[in-house]
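Under the working numbering, the residues of the sequence shown are numbered 450 to 646, in order. One structure is given here, and the rest of the page talks about it.
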Amino acid sequence: MDARNQLRGRWGTAVLLCFIFSIITSLLAIPYIGAILNFLLLGPLVLGLSSCFLKIVRNEVLKIENMFDGFKNFGSGFLLQLLMSLFIFLWTLLFIIPGIIAIYRYSMAFYILSDNPEIGAMAALDRSKEMMKGFKWKLFCMYLSFIGWALLCVLTAGIGLLWLIPYINTSIANFYENLKESMKPDLEAGEIKALTE
């Protein structure tokens, strides 16, 4: 099922989730104290938002307060964001291209941690790295497909982003779900590390 069909009847909730997330992260951009709060809270917030969009693609019950579920696993969410930022920064020091590749390499980590809260941040990064082998270009092309919609949002003074961002998040959650399903035969054959234990 595609993202638009999955969002049918849930657009309001999805838009509100992204709007609240944007407001919170904007407040965290306040100089000095905001930077400290951003450092502490961004990871758990992203983890909670990732969990919400997995609920959408799985047609599970979703409530606005679910976006704060990441705080139930605060330590791992915080550490995952910290490690991702550090690794991407270090790869970017080599050159911009390795940094971009690192972004896609670790792009599934929050979804993996949401599904497997017991595994910890480093394991989520390792599994994302394994999961994205051979699929980074496909995800990159998917992001490129949103450029036209983003340009249209400019014509609406950014208002269209209220719908585009939930659509993108749902599409990425779908990418994760489809990738996980496609890997099941290999997982069962023991050829790669299991995504769920």
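We put the CB at the ideal spot given by N, CA and C, even for glycine.
* Asked: Can you tell me whether DSSP reads residue 495 as helix, strand or coil?
  -> As a working mapping, residue 495 is identified with position 46 in the sequence shown. Assigned with DSSP and collapsed to three states, residue 495 falls in helix.
* Near residue 459, what residues of its chain come up, given a Cβ to Cβ distance below 8 angstroms and the 5 sequence neighbours on each side ignored? -> Within the sequence shown, numbered from 1, the residue matching residue 459 stands at position 10. Counting only Cβ-Cβ distances below 8 angstroms, and skipping sequence neighbours, we find 505, 511.
* **Simplified DSSP assignment, three categories, for residue 510** => Here residue 510 corresponds to residue number 61 of the sequence shown, with the count starting at 1. Looking at residue 510 - three-state DSSP - the assignment turns out to be coil, as it is neither helix nor strand.
* Asked: Three-state secondary structure (DSSP) at residue 487?
  -> The count along the sequence shown starts at 1 and reaches residue 487 at position 38. Residue 487: helix per DSSP, three-state reduction.
* Cβ pair count under 8 angstroms reaching 3, the segment 486 to 499 against the segment 520 to 533 -> yes
* Alpha carbon to alpha carbon, what distance is there between residue 575 and residue 537? -> Residue 537 sits at position 88 when you count from the first residue of the sequence shown. Residue 575 sits at position 126 when you count from the first residue of the sequence shown. Distance between the alpha carbons of residue 537 and residue 575: 14 angstroms.
* **Buried versus exposed, by CB contacts within 10 Å (16 or more), residue 624** => Your numbering for residue 624 matches position 175 in the sequence shown. Buried.
* Residues near residue 558 by beta carbon distance below 7 angstroms, same chain, minus five either side -> Walking along the sequence shown from the start, residue 558 turns up at place 109. Beyond the five residues adjoining it in sequence on each side, residue 558 comes within less than 7 angstroms, by CB distance, of 529, 533, 573, 574, 577 in the same chain, given in chain order.
* To do: Could you tell me if residue 619 is buried or exposed, where buried requires 16 or more neighbouring beta carbons within 10 angstroms of its beta carbon?
  => Within the sequence shown, the letter at position 170 stands for residue 619. Residue 619 is buried by the Cβ-count criterion.
* Same chain, Cβ closer than 6 angstroms to residue 622, five either side skipped, listed in chain order -> On the sequence shown, residue 622 is found 173 positions in, with the first residue counted as 1. Excluding sequence neighbours, residue 622 sits near 502, 503, 506.
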